[in-house]
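*Asks:* Here it is, the structure in full.
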Amino acid sequence: MVNQPSAMSSIHFMCWRCDQPLKLNQSTETPGLDATQASAASALASAEGVPRETQEGGPTSREETDSDEPQDGASSSESKNYQRFLETRERMSEDERETLQEELKGLELEEARLVQELEEVDKNRERAAADLTAAQAETEMLDQHDRQFWRDYSQLKWQQLELHDELRSMENRLRHAQTQLDWLEKINVFSVTFEIGHSGPVGVINNFRLGCLPSVPVCWEEINAAWGQTALLLLALSNTIGLQFQRYRLVPCGDHSYLKSVRDDSIELPLFCTRRQGAFPNDKFDRAMDKFDRAMVAFLDCLQHFNKEAKKGESGLCLPHRIHVSQGLMEDPGGGGAFYSIRTHFNTEEHWTKALKLMLVNFKWSLAWVSLRYRQK
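First residue of the sequence shown: 51, per my numbering; consecutive thereafter.
In structure tokens, the structure reads:
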């Protein structure tokens, strides 16, 4: 029994609310084990029912209270207090449990909402990542298109510059060609091609003298070349107005030109003479000169045919010197109505040269008339 107090002193009690050790009130005379246990329960109830200050040694602590009430009365009161405490605690626990249950439900709902939001955020993040990848791919494609565009633009710009230079070159060439065309349109083609004039009493065509005089000797090669130019002029004039000669066909061949009969192709009349220089035929008959004379008369026939055709219409041609084909004569109204033969037989160099000069004057008028008509067309 002596060792019981030391055994009881090794037992410690803790407050379940404040986790502080409880101090037990030991009497001078130690009761039995049951009384000790009841006293401990009473002390526990008293400690849990009072404030912490009281438990730690306040003025109401059971350590410092020296009550004279019986031990049983104190235990009964403490039991009632502890029972009321348990009931109060149970009621409070139920209210707290309901509150906590409600809070738990709210938190569960909040958790579900947050989980759903998190899932939506994940989905949005995945969509954003996919959109970002697509946007990056599209950006790369657009960059490639942009680079290709600038390459194509540079190439097309270069082509444009080349075409612009070519266009300017073509415009300059066209402008030059137009200038040349304007200049050519102002040119009288016949006047440039066939220049008719005179050298004193001798007529001249393209620098070839047609005729000769004792004082102005002219070789037959030059006279033949002049006849070739005259034949070419008459053929050009007739072609311009669309005339086809009915009896003869002109064949210009330089200094060996000739006429061919339309009815008999075997008949050729030479418009050239093969005599030596300065030899004009005399009154004797010469077969070669006869054919030459016939050729010159046939040439006058072609000129007369052209004159008749050119007279038609309001702006008809009127030659200054009349032609008498049957006699082979040229009439000079300004010379008192004198006639000059185009034949060499029974003729003089002066009259023959004068007839050729009058014929060239008629050609000059014909040339001017056809040039005007050609320019109007």
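A virtual CB, placed ideally from N, CA and C, is assigned to each residue, including glycine.
If you pair each beta-carbon of the stretch 353-371 with each one of the stretch 305-316, do three or more pairs fall below 8 Å?
*Replies:* no
*Asks:* Kindly indicate which three-state DSSP category Gly156 falls into: helix, strand or coil?
*Replies:* Reading the sequence shown from its first residue, position 106 is the one you call residue 156. If DSSP states are grouped into helix, strand and coil, Gly156 belongs with the helices.
*Asks:* In whole angstroms, what is the alpha-carbon distance linking Gln151 and Glu158?
*Replies:* Position 101 of the sequence shown, counted from the first residue, corresponds to residue 151. Position 108 of the sequence shown, counted from the first residue, corresponds to residue 158. For Gln151 and Glu158, the distance between alpha carbons rounds to 10 Å.
*Asks:* Quick one: what does DSSP say His306 is sitting in, helix, strand or coil?
*Replies:* The count along the sequence shown starts at 1 and reaches residue 306 at position 256. Helix.
*Asks:* Of the choices Ser365, Gln279 and Lys407, whose alpha-carbon is the least far from that of Leu263?
*Replies:* Translated into the one-based positions of the sequence shown, residue 263 becomes position 213. When only C-alpha atoms are compared, the closest one is Lys407.
*Asks:* Mind checking which residues open and close the beta strand (DSSP E) that includes Phe258?
*Replies:* Sequence index remark: in the sequence shown, residue 258 carries index 208 (1-based). Here the beta strand (DSSP E) through Phe258 covers Phe258 to Leu260.
*Asks:* Using the three-state DSSP reduction, which class does Pro251 fall into: helix, strand or coil?
*Replies:* For the purposes of this step, residue 251 is identified with residue 201 of the sequence shown, where counting begins at 1. If DSSP states are grouped into helix, strand and coil, Pro251 belongs with coil.
*Asks:* Measuring CB to CB, does Asp343 end up less than 7 Å from His401?
*Replies:* Indexing the sequence shown from 1 puts residue 343 at position 293. Indexing the sequence shown from 1 puts residue 401 at position 351. Not closer than 7 Å, so no.
*Asks:* Can the beta-carbon of Gly378 be found closer than 7 Å to that of Ser391?
*Replies:* On the sequence shown, residue 378 is found 328 positions in, with the first residue counted as 1. On the sequence shown, residue 391 is found 341 positions in, with the first residue counted as 1. In this structure, Gly378 places its C-beta atom within 7 Å of the C-beta atom of Ser391.
*Asks:* Going by other Cβ atoms of all chains shown within 10 Å of its Cβ, with 16 needed for buried, is Phe49 buried or exposed?
*Replies:* The requested residue 49 is not part of the displayed model; the chain covers only 51 to 427.
*Asks:* Would you kindly work out how many angstroms separate the C-alpha atoms of Leu231 and Arg393, rounded to a whole number?
*Replies:* Stepping through the sequence shown from its first residue, residue 231 is reached at position 181. Stepping through the sequence shown from its first residue, residue 393 is reached at position 343. Roughly 44 Å separates the two Cα atoms.
*Asks:* Quick one: is Lys362 buried, meaning 16 or more other Cβ sit within 10 Å of its Cβ, or exposed?
*Replies:* Against the sequence shown, residue 362 aligns to sequence position 312. Lys362 is exposed by the Cβ-count criterion.
*Asks:* Phe244 and Leu283: beta carbons closer than 7 Å?
*Replies:* Translated into the one-based positions of the sequence shown, residue 244 becomes position 194. Translated into the one-based positions of the sequence shown, residue 283 becomes position 233. Their beta carbons are under 7 Å apart, which means Phe244 touches Leu283 by this criterion.
*Asks:* CB-CB under 8 Å to Met220, same chain, minus the five flanking residues each way: which ones, in chain order?
*Replies:* The residue given as residue 220 occupies position 170 in the sequence shown. Within the same chain, Met220 has no close Cβ partners at all.
*Asks:* Measure the CB-CB distance between Val252 and Thr403 and report whether it falls below 7 Å.
*Replies:* Here residue 252 corresponds to residue number 202 of the sequence shown, with the count starting at 1. Here residue 403 corresponds to residue number 353 of the sequence shown, with the count starting at 1. Yes. Within cutoff.
*Asks:* Based on the DSSP output, what are the partners of Pro320 in its beta bridges?
*Replies:* If you number the sequence shown from 1, residue 320 lands on position 270. Tyr308.
*Asks:* For Arg313, count neighbouring C-beta atoms within 10 Å of its own C-beta (all shown protein chains included) and say buried if the count is 16 or more, exposed if not.
*Replies:* Along the sequence shown, read from residue 1 onward, the residue named residue 313 stands at position 263. It is exposed - the Cβ of Arg313 has fewer than 16 other Cβ atoms within 10 Å.
*Asks:* Where in the stretch 366-392 do unbroken runs of the beta strand (DSSP E), each at least 3 residues long, occur, reported from the N-terminal end onward?
*Replies:* 379-382 and 388-391
*Asks:* Based on DSSP bridge pairs, tell me the residues matched to Arg299.
*Replies:* As a working note, residue 299 is residue 249 in the sequence shown. Paired residues: Lys310.
*Asks:* Helix or strand or just coil, what does DSSP make of Ile273?
*Replies:* Working through the sequence shown from its first residue, we reach residue 273 at position 223. It is helical.
*Asks:* Sorry if obvious, but does the Cβ on Tyr203 come closer than 6 Å to a heavy atom of the ligand GTP?
*Replies:* With respect to small molecules bound, the structure shown includes none, and the ligand GTP cannot be examined in it.
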